[in-house]
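In the numbering used here, the protein residues as written are 10 to 209.
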């Protein structure tokens, strides 16, 4: 019963995301109301708020869960693992999230294109990116206080996370198939790792 209930929730969330993306594209982000999104997904406005707190959250709904997962990994380095190795493991874990049913990988290009074209969404994305990198940098320094200072931790996080994020966005803009987003992320990590041999 629990599995059935969870699948129903996933279908409803997906219907809301698809409806929002369609309406944002057809009539504009600012012009679209919560009520219109709910109606297009054949649910009530009250149901909409059971899944999302705002219009913006429709596009960023998975950010918090992903960040909690990555921070938990940063808190527990494996024996013998260094700063760069830990960060690479975390980045690869974020790749695994692409296979999560809740991510809706096939909708990623639409989501990213909207974020890049709507100023309010650009601002939210930049805020989330900056906040997440600061939190990750603090976690890295806390995990390796004798090996890397605050500046080194921030530089390492910024290099790896920034490179992987921007590489994925570039792949989307270029029109690469969604399955190639993992390839773009891996390529970015490999390029950065050549210069992260010794972080201080």
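C-beta: ideal position from N, C-alpha, C; glycine also.
{"Query": "Taking only three categories from DSSP, how would you classify residue 207?", "Result": "Note that residue 207 scores 46 on pLDDT, short of 50, meaning its location in the model is unreliable; the coordinates nonetheless yield the value given after this. Correct three-state label for residue 207: coil."}
{"Query": "What distance in whole Å lies between the Cβ atoms of residue 149 and residue 168, which are believed to be in contact at a cut-off of 8 Å?", "Result": "Rounded, the Cβ-Cβ distance is 12 Å, inconsistent with contact."}
{"Query": "If you measure between the beta carbons of residue 123 and residue 72, is that distance less than 8 Å?", "Result": "no"}
{"Query": "Count the other CB atoms, across all protein chains shown, that sit within 10 Å of the CB of residue 61; report buried if there are 16 or more and exposed otherwise.", "Result": "buried"}
{"Query": "Among residues of its own chain, excluding the 5 on either side of residue 99, which ones have a beta-carbon nearer than 7 Å to its beta-carbon?", "Result": "79, 82, 83"}
{"Query": "Excluding the 5 residues flanking residue 159 on each side, which residues of the same chain have their C-beta closer than 6 Å to its C-beta?", "Result": "150"}
{"Query": "Does the beta-carbon of residue 182 have 16 or more other beta-carbons within 10 angstroms, so that it is buried, or is it exposed?", "Result": "exposed"}
{"Query": "Got a sec? Which residues, its chain only, sit under 8 Å from residue 175 by beta carbon, not counting five neighbours each side?", "Result": "197"}
{"Query": "With a threshold of 7 Å on Cβ separation, who are the neighbours of residue 121 within its own chain once the five nearest residues in sequence on each side are excluded?", "Result": "178, 181"}
{"Query": "Given residue 14, which residues of its chain have a CB within under 7 Å of its CB, disregarding the five upstream and five downstream residues?", "Result": "none"}
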